[in-house]
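First up is the structure itself, then whatever we jot down about it.
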Amino acid sequence: STRQRGLVDEYEWVRGSFFLDGGSFGADFGNLDPTRAAVGIGIRMRLPMLPLIPFTLDFGWPIADEATDDARVVSFTLGTF
């Protein structure tokens with residue numbers, strides 16, 4: 147189990163994820179550019195010394211993009227799940 151009992155609360159320490167993200171961009175709703183999409187995997191972790199500040203590490207790959215798009219493959223955040 148990935149759960150550990152604390153004095154007051156019970157935390158989930160490790161969690162995996164899979165995601166599909168998509169959207170269209172444009173100056174207004176009548177002028178939307180082609181849809182972009184990406185898939186990815188990630189891990190969410192809470193460190194025992196900082197149980198209230200989880201970290202997230204995601205890896206994503208574009209499956210529908212444009213030549214001028216800025217692609218980010220790795221994303222790292224500190225914050226809430």
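Here my numbering is used: the first residue of the sequence shown is 147, the next is one more, and so on. Just so you know, even glycine gets a beta-carbon here, dropped at the ideal spot from N, CA and C.
DSSP three-state assignment for residue i, whether helix, strand or coil
i    : result
F205 : strand
F222 : strand
P200 : strand
L153 : Low confidence applies to L153: its pLDDT is 48, below 50, so where it sits in the model is not reliable, and the reading given next is rough at best. In the structure shown, L153 sits in coil (DSSP, three-state: anything other than H, G, I, E or B).
F164 : strand
P191 : The amino acid occupying residue 191 in the given sequence is Met; Pro does not appear at that position. In this structure, M191 counts as strand in the three-state DSSP scheme.
A213 : coil
Pick from the options that is closest to residue i, judged by C-alpha positions
i    : options                   : result
F205 : G176, R192, G172 and G188 : G188
L166 : R190, T214, A184 and W159 : A184
W159 : R182, T202 and T214       : T202
V219 : G225, A213, W207 and P200 : W207
L224 : A213, D215 and L198       : L198
S221 : I209, L196 and R190       : R190
D215 : R182, G168, L193 and A173 : R182
G168 : D174, A213 and G186       : G186
Delimiting residues of the beta strand (DSSP E) encompassing residue i
i    : result
D179 : Where D179 is concerned, there is no enclosing beta strand (DSSP E), given that its DSSP letter is neither H nor E.
S170 : It is not in any beta strand (DSSP E) - S170 carries neither H nor E in the DSSP assignment.
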